[in-house]
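The structure under discussion appears below in the form of structure tokens.
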Amino acid sequence: MAFGDYVPHRDDSLEKWAYKEHTKVKHEILSKYLSGWIRILGSHNKKVCYFDCFAGRGKYADGEDGSPLIALETACRIKDQFEYIDEIVCTFIEKDKNNYNNLKAVIDAEKDNAEKYDKINILNPINDEFSNLVAEIREIRGRLAPSFFFIDPFGFGGVPFEDIKYILSLPKTEVFFNFMVRDVNRFLTSSKHRISIEELFGFNNVSDILEKKYSHLTAEQSLLRLYRDQLHNYASVKYTLPYKVNADDKLQTTYYLIHATNHPLGCALMKGVMYSIGTEGRFGYLGPAEGQMTLESYGDLSQFKEFLLDRFQGKTLSFKEIQELSCMETFFIEKHYRQAVKELYGDEIIDIQGLGPRGGIKKESQIVFPKMIS
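Going by the numbering used here, the final residue of the sequence shown carries number 695, and the count climbs one at a time with no gaps.
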């Protein structure tokens, strides 16, 4: 299909606001992670902030809650469960005027319920662009409480990498970003989209870099790798996790949800959420037609044990350090680490110092890996 043959729907088109299964999966990840994030950050800080930077409508065309309402319901549930939560500030930004009008009407109706939203400071929705929000944050020199930014655009325009980099340079900030890999790949060589794509990645000649550094990968994987490399190498982010999302009606990757954080606990928390939602055991929603991998087929830990022995050969590290150092390198989560280490210990391949009183592995337990496996 030629570029000129593709006419995207307007952002306020109701066709874009039909609630689909992959959207539900995205919202489940958002809600489940936000629950843990508020609970953890709220225990150490009087105020935490949530930003929905491409908030869209308050409700979908069929009446399903949009991401702003999902975030508010999540915040309500957590502040009711944990009395130590002092204040949750919620900011919603939407550029499209028609979507904004729907959003404002829905949010205004919610704000009338003062008792429900005690401790939750719902700011008036903002009809503006994401970059202008970031510019305002720059003006106050980044003096923010711990903040979580949900960045979920239609397409890939209006999300300059420089803005993402700045957000992640601030203390205790995290980003959950919808990276529209299908659309980026579709328009990669289009002159009309060159500036938007260069802004997205933060440099010029994106196609040339892909060809020079990532030609051994598929187009989809090369774009994902390049963006994550930018986060790590240019924005100095310590941890990123991608979650693959297919369209409901075909086995085609539509986008990746990328979580970026500088704290190992954030990485571990999101890893557990991503593992549990969609196709369990794989970081992705692969569509209802996909033959999904079961826990049984994923349950053989032999390769994972080999990975641990090779990765940490000759080292002595705490159980916590092992997970932190390899968080982005495997699909496995804490229960798998614990099981693999127990089995290696039972087979007398590794040693464990500082077990619990009943022989349990503690976070600070020291795992002694052999220098070489004979």
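We put the CB at the ideal spot given by N, CA and C, even for glycine.
Would DSSP call residue i helix, strand or coil?
| i | result |
| --- | --- |
| Glu617 | Confidence at Glu617 is low in this model, with a pLDDT of 38, below 50, so the placement of that residue should be treated as unreliable; the coordinate-derived value is given next. Here Glu617 sits in helix by DSSP. |
| Asn499 | strand |
| Glu408 | strand |
| Phe469 | strand |
| Gly387 | coil |
| Gln687 | strand |
| Tyr535 | coil |
| Lys437 | coil |
| Phe522 | helix |
| Asn366 | coil |
| Thr395 | helix |
| Gly612 | Bear in mind that a pLDDT of 38 at Gly612, under 50, signals an unreliable position, so the number given afterwards is only what the model happens to contain. DSSP places Gly612 in coil when its eight states are reduced to three. |
| Phe628 | helix |
| Phe475 | coil |
| Asn442 | strand |
| Asp529 | helix |
| Asp449 | coil |
| Ile414 | strand |
Of all the options the options, which has the alpha carbon lying nearest to the alpha carbon of residue i?
| i | options | result |
| --- | --- | --- |
| Asn491 | Val505, Lys416, Phe469 | A small fix is needed here, since residue 491 is Leu in this sequence, not Asn. Per the Cα distances, Phe469. |
| Asn445 | Phe451, Lys400, Val427, Ala661 | Val427 |
| Leu622 | Glu642, Met649, Ala661 | Ala661 |
| Pro481 | Leu465, Leu454, Arg507 | Leu454 |
| Glu669 | Gly681, Phe690, Gly675 | Phe690 |
| Ser686 | Met693, Ser512, Tyr381, Gly675 | Gly675 |
| Leu596 | Thr651, Lys626, Phe625 | According to the sequence shown, residue 596 is Tyr rather than Leu. Among Thr651, Lys626, Phe625, the Cα nearest to that of Tyr596 belongs to Thr651. |
| Phe653 | Gln624, Leu578, Ser543 | Gln624 |
| Arg715 | Pro474, Tyr658, Gly387 | Absent from the structure is residue 715, since the part of the chain shown begins at 322 and ends at 695. |
| Asn448 | Phe477, Lys416, Val594 | Lys416 |
| Gln573 | His657, Ser356, Gln542 | Gln542 |
| Tyr371 | Ser536, Glu645, Pro678, Thr395 | Thr395 |
| Thr344 | Lys559, Ala568, Ser512 | Ala568 |
| Asp383 | Tyr340, Tyr354, Leu393 | Tyr340 |
| Ile414 | Gly605, Leu646, Gly479 | Gly479 |
| Met693 | Lys437, Lys656, Lys636, Ser517 | Lys636 |
| Glu627 | Tyr658, Asn506, Val505 | Tyr658 |
| Asp529 | Thr510, Ala430, Arg546 | Thr510 |
| Leu465 | Ala556, Val369, Lys440 | Val369 |
| Glu664 | Ser352, Glu645, Leu629, Arg679 | Leu629 |
| Asp373 | Asn366, Leu393, Lys367 | Leu393 |
| Leu390 | Thr412, Asp407, Glu408, Phe403 | Thr412 |
| Lys367 | Phe403, Asp407, Glu385 | Asp407 |
| Ile688 | Gly680, Tyr438, Asp672 | Asp672 |
| Glu342 | His365, Asp631, Ser557, Thr575 | Thr575 |
Measure how close the beta-carbons of residue i and residue j come, nearest whole angstrom, since I'm counting them as under 8 Å.
| i | j | result |
| --- | --- | --- |
| Val566 | Val346 | 7 Å |
| Tyr548 | Phe522 | 7 Å |
| Phe471 | Ser536 | Actually they do not touch by this definition, with Cβ atoms about 33 Å apart. |
| Leu544 | Val502 | 5 Å |
| Ile598 | Ile350 | 5 Å |
| Tyr354 | Leu590 | 6 Å |
| Tyr721 | Cys648 | Nothing can be reported for residue 721: it is not among the residues displayed for the chain, which extend from 322 to 695. |
| Leu578 | Phe477 | Actually they are not in contact, since the Cβ atoms of Leu578 and Phe477 sit about 14 Å apart, beyond 8 Å. |
| Thr508 | Ile516 | The amino acid at residue 508 is misidentified as Thr; the sequence shows Phe. Not a contact, Cβ separation roughly 11 Å. |
The beta strand (DSSP E) spanning residue i covers which residue range?
| i | result |
| --- | --- |
| Asn382 | Looking at the sequence shown, residue 382 is not Asn but Ala. Element bounds for Ala382: n/a, residue is neither H nor E. |
| Ala581 | 574-582 |
| Ser311 | Since the first residue of the chain shown is 322 and the last is 695, residue 311 is not available in this structure. |
| Ile673 | 672-674 |
So the alpha helix (DSSP H) residue i belongs to, where does it begin and stop?
| i | result |
| --- | --- |
| Tyr354 | 342-363 |
| Leu562 | Taken as a continuous stretch (DSSP letters only), Leu562 belongs to no alpha helix (DSSP H), being part of the beta strand (DSSP E) at 560-567. |
| Tyr555 | Looking at the DSSP string, Tyr555 is not in any alpha helix (DSSP H), and its letter there is neither H nor E. |
| Ile682 | No alpha helix (DSSP H) contains Ile682, which DSSP labels as neither H nor E. |
| Met595 | 585-597 |
| Glu483 | 482-490 |
| Arg659 | 655-667 |
| Ser511 | First-last for Ser511: undefined, no H or E at that position. |
| Ala430 | 418-432 |
Exercise for review: Count the C-beta pairs between the segment 429-445 and the segment 459-468 that are closer than 8 Å, then say yes if the count reaches three, no if not.
Suggested key: no
Practice item. Flag this pair as touching only if the segment 543-556 and the segment 483-490 have three or more C-beta atom pairs under 8 Å; answer yes or no. Key: yes
Check your understanding: Taking one C-beta from the segment 640-656 and one from the segment 583-590 each time, how about it: are there three or more such pairs within less than 8 Å?
Key -> In short, these stretches touch, since the Cβ pair count reaches three.
**Study point:** Three or more C-beta pairs below 8 Å linking the segment 377-390 and the segment 402-422
**Key:** yes
Point to revise | the segment 350-361 touching the segment 393-402, judged by at least three CB pairs closer than 8 Å | key: With contact defined as three or more Cβ pairs closer than 8 Å, the segment 350-361 and the segment 393-402 are in contact.
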